[in-house]
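In our numbering, the protein residues as written are 12 to 102. Backbone N, C-alpha and C define an ideal beta-carbon position, used for all residues, glycine too. It should be emphasised that the depicted structure is a prediction, and the values quoted were computed from it without experimental measurement. Below is one structure, written out as structure tokens, with a few remarks after it.
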Ligand SMILES: [Zn+2]
């Protein structure tokens with residue numbers, strides 16, 4: 012089973028909390044290998060969460076992790092780093 016970006020993003024908050032089943036984690040990691048957009052997203056979110064945890068609180072509430080994911084995701088999309096095709100385009 013191969014998951015898409017939507018499913019990856021839906022699970023990312025829980026994944027970063029270590030709160031997913033090993034089967035789900037394998038699917039997420041498999042997706043990460045192939046998807047540049049999600050690699051950037053994962054990396055950015057992971058770093059942002061680490062900054063939060065380093066500054067005091069140990070666990071980031073998943074609601075906060077999710078809003079963080081959305082914020083970073085929209086930033087990546089607005090920068091045009093998304094792999095979503097916008098139509099036929101010749102190089
Ligand atoms: Zn992806």
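Where does the unbroken alpha helix (DSSP H) through residue i begin, and where does it stop?
| i | result |
| --- | --- |
| residue 16 | 16–27 |
Considering only C-alpha positions, which residue in the set the options is nearest to residue i?
| i | options | result |
| --- | --- | --- |
| residue 26 | 51, 57, 44 | 57 |
| residue 40 | 30, 14, 28 | 14 |
| residue 86 | 33, 60, 48 | 48 |
In this structure, how does DSSP classify residue i when only helix, strand and coil are distinguished?
| i | result |
| --- | --- |
| residue 49 | helix |
| residue 59 | helix |
| residue 35 | helix |
Residue i: beta carbon under 7 Å from a heavy atom of ligand 1?
| i | result |
| --- | --- |
| residue 53 | no |
| residue 56 | no |
Can you tell me the Cβ-Cβ gap for residue i and residue j, rounded? I've got them flagged as a contact below 8 Å.
| i | j | result |
| --- | --- | --- |
| residue 53 | residue 79 | Residue 53 to residue 79, Cβ: 12 Å. No contact. |
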